[in-house]
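Start counting the sequence shown at 3; every next residue gets the next number (the numbering used here).
Glycine included, every Cβ here is placed at the ideal spot set by N, Cα and C.
Please read these numbers as outputs of a predicted model, since none were measured by experiment.
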Amino acid sequence: MSTPAAPRAILFDLDGTLADTAPDLAAAVNLLRSARGLAPTAYEILRPTASAGARGMIGASFGLTPDDDGYLALRDGFFSNYEAAMAVHSRLFDGIPELLAGIEAAGLQWGIVTNKSQRFTDPLLPQIGLGHAACAISGDTTAHAKPHPAPLLEAASRLKLAPGQCWYVGDDLRDIQAGKAAGMLTIACGWGYCGATEPQHWEADYLFQQPAELLALLQAALAAGALAA
């Protein structure tokens, strides 16, 4: 594939893309189980569903969907547990600090577009070293969450950029669907949770296994743009 045009900003999903938040999400749902006298659900079962938040955690741990009786009570309990301890074990993935520093060194902006509720996004970001994002769009910032393009379009608007001037990076199929619908170049990150489907089937423009690969693509795009100028 030829080198793409350099972006003016790179937008990222949060859970499973920038930050490994699964340990604290898993702890929150397993507190629900322990309160009911149940054994904890294995972390290996919970981790792949972390990008789906409460729906994923409760589905994997209790076998319930949002349409089932008892789901809402579990969801509210999960939210309370998570809010009380959302940054105990969560951390940035290896290579993310260097990637963000490289974006900033190039004079570009970076932002976050997540389906996480603002109730959790806003307090979490500064605790894990992401409080200086140029924008942070949560799942309830606009009328629609991903895979709808509205959150990505809102991010571009806040950055005063055309959507096509942004790249979007995520670890879930809905991230790629949202990015494509918004007219952005899309990058699937294989280092994330990736849900139940394999990222090579998402039809993203690029699939990378390490953040350093994304930084290399950015540097190549910037170099190609400089040569063409």
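When the five nearest sequence neighbours on each side are left out, the beta carbons in the same chain lying within less than 6 Å of the beta carbon of G104 are those of L217, in order along the chain. For D15, the closest C-alpha among the options A228, A164, L163, C137 is that of C137. D22 carries a strand assignment under DSSP once its states are collapsed to helix, strand and coil. Here Q111 is buried: its Cβ has 16 or more other Cβ atoms, across all protein chains shown, within 10 Å.
Each residue's CA atom was taken as its position, placing A190 and S82 some 31 Å apart. Counting only the Cα atoms, S4 lies some 31 Å from D22. Where G113 is concerned, there is no enclosing alpha helix (DSSP H), although the beta strand (DSSP E) around it starts and stops at 111 to 115.
Listed as beta-bridge partners of F14 by DSSP are I114, V171. Take the alpha-carbon of P68 and the one of A37: they are about 21 Å apart. Using a Cβ distance threshold of 9 Å, G166 and G185 count as a contacting pair.
Distance from the CA of A89 to the CA of D26, rounded to the nearest whole angstrom, comes to 7 Å. A straight line joining the alpha-carbon of Q221 with that of A228 spans about 11 Å.
Runs of the beta strand (DSSP E) lying entirely within the stretch 44 to 121, each at least 3 residues long, are 111 to 115 in chain order. In the DSSP assignment, L209 is bridged to A190. Counted as a single uninterrupted DSSP element, the alpha helix (DSSP H) harbouring S159 occupies residues 152 to 160.
Note on geometry: alpha-carbon atoms of A44 and Y208 lie some 32 Å from one another. For I139, the pairing in a beta bridge is given by DSSP as V115. In terms of Cβ geometry, G18 and G194 form a close pair [threshold 9 Å].
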